[in-house]
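Each number in our numbering corresponds to the 1-based position in the sequence shown with 9 added.
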Amino acid sequence: MRVVAIVVLAFGLAGAAGLAGPAIRHAKTQDELPAAVVRGDCNAPGDVVTELRPLAVAEGGVRTSFSTIDLAIDELTSGGYAIVVGDPGSASACGEIAGQGTDVYVAVQERSGSNLGGIAWLHARNDRTQVSLFVGEGLGGSATAAPTEEPDGPPEPPSEETPEPPTDETPEPTEPAGEAETYISPTFGYTIAYDSELWRVTENTTMPLDNGPSDYFVIRNQEGSIQTEFIGLPTDPSDTADQYTNRFLQQVLADPDLSEASVRTEADGKPILGGDDDKAYVAIDFSMESDTVGTIKNTYHAICWRMSSAGGVLVMIFQTPQDEYDDWAPAREALEQGVTLPS
């Protein structure tokens with residue numbers, strides 16, 4: 010049976026009392042690498058239009074940068090713009106901006122033999138654009154990203170091992186048959202409806218934090234192979250849902266206890282990453298080692314809701330084996346639809 014490790018996913022609140030297991034760690038800044046939006050393309054980059062915040066190295070070697078620039082996303086995607094990492098004259102990585110809509114994803118590919126690559130997420134903010142940049146060795150189609158060469162392009166999920174044969178039958182996740190139960194957050198007042206036939210409660214606590222109490226509710230499927238964490242956190246009213254999912258992605262990529270971490274992609278290659286100020290999401294494939302079962306390949310699907318009226322955020326972390334992610338999507342969506350935020 011697949012094993013799902015309990016991890017602290019409190020977006021910067023790792024180590025809070027009552028939570029056990031390997032913690033998502035804070036990133037620390039060192040060896041910053043410049044980045045910018047330039048005119049032209051990756052073969053002939055032109056003048057710098059705007060500088061982005063330097064990429065800071067996090068634990069594990071991943072570099073991240075979050076900037077909001079004074080250019081509308083429609084202007085950036087109209088053609089003639091690129092994102093460069095390093096010196097524009099001899100870029101370490103580069104991606105030409107193309108696409109349409111309020112969320113655009115740019116593959117930032119290796120240049121000059123740097124072995125650096127990754128992805129940029131462009132999110133419209135009225136007449137400005139939020140640029141979230143994730144770069145690291147072996148990300149984004151780098152030739153040494155894995156033992157087997159992969160083509161250049163957006164970050165691909167790690168190759169999956171042959172699934173282990175199940176020891177017994179798993180209940181069909183798409184057709185729950187139990188009675189509906191409801192969890193009510195004692196601090197923030199949100200509710201979570203879940204199927205008691207499919208899910209069992211493994212933790213229900215409220216933890217004191219420096220800026221107020223946090224509610225922590227965890228459910229697992231009956232076999233224990235699928236886990237969902239709901240975390241209600243007090244936060245500054247100016248914080249947004251997409252800032253929290255960006256922070257979570259940064260922490261997972263930087264966690265030294267995890268390997269092969271990358272944004273999961275749809276069948277068409279589109280990263281599962283998006284949202285806005287009030288609700289945002291990201292799916293991340295990763296591997297970790299267990300003393301008892303060896304290498305475990307799992308996926309986090311994180312969803313964050315901003316609760317402006319309650320002064321907090323609600324975070325849902327749905328964790329599955331990578332090869333069961335699609336099978337359990339209906340159960341995840343049912344839990345998502347079962348969330349009712351305070352008015």
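A virtual CB, placed ideally from N, CA and C, is assigned to each residue, including glycine. Quantities reported herein were computed from a predicted structural model and do not represent experimental measurements.
Asked: Buried or exposed (CB count within 10 angstroms, at least 16 for buried), Arg341; Found: buried
Asked: Cα-Cα separation, Ala343 to Gln252; Found: 25 angstroms
Asked: Residue range of the beta strand (DSSP E) that includes Thr274; Found: Unbroken run through Thr274: none, as it is neither H nor E.
Asked: Distance, Cys103 Cα to Gly95 Cα; Found: 9 angstroms
Asked: Sufficient close CB pairs (3 or more, under 8 angstroms) joining the segment 225-243 to the segment 317-333; Found: yes
Asked: Cut-off 7 angstroms between Cβ atoms - residues of its own chain near Glu105, not counting five sequence neighbours on either side; Found: Asp50, Cys51 and Ala91
Asked: Own chain partners of Arg62 with C-beta closer than 8 angstroms, once the 5 adjacent residues on each side are dropped; Found: Ala44, Ser74, Phe75 and Ser76
Asked: For Val57 and Gln231, the rounded distance between their alpha carbons; Found: 55 angstroms
Asked: With 16 other Cβ atoms within 10 Å as the buried cut-off, status of Ile193; Found: exposed
Asked: CA-to-CA distance, Ala100 to Phe226, given in whole angstroms; Found: 46 angstroms
Asked: Per-residue burial, Gln236 [other beta carbons within 10 Å of its own, 16 or more giving buried]; Found: buried
Asked: Per-residue burial, Asn213 [other beta carbons within 10 Å of its own, 16 or more giving buried]; Found: exposed
Asked: Status (buried if at least 16 other CB within 10 Å, exposed otherwise) for Leu218; Found: exposed
Asked: Contact belief for Val348 with Ile201 at Cβ below 8 angstroms, rounded distance in angstroms; Found: 6 angstroms
Asked: Neighbour-count burial assignment, Gln346, 16 or more Cβ in a 10 Å radius; Found: exposed
Asked: Three-state secondary structure assigned by DSSP to Gly30; Found: Residue placement at Gly30 is flagged as unreliable, the pLDDT there being 26, under the threshold of 50; a coordinate-derived value is accordingly withheld.
Asked: Residue nearest to Thr304 in terms of C-alpha spacing, selected from Pro97, Ala276, Glu119 and Ser268; Found: Ser268
Asked: Contact under 8 angstroms by Cβ, Val71 with Thr59; Found: no
Asked: Ala129 and Ser141 closer than 8 angstroms at C-beta; Found: yes
Asked: Residue environment, Lys37, which counts as buried when at least 16 other CB atoms sit within 10 Å; Found: No answer about Lys37 holds up, because its pLDDT of 27 lies below 50 and its placement is not dependable.
Asked: Opposing strand residues paired with Val57 [DSSP bridges]; Found: Val47
Asked: Sequence-distant residues of its chain with Cβ nearer than 6 angstroms to Trp208 (five each side left out); Found: Ile228
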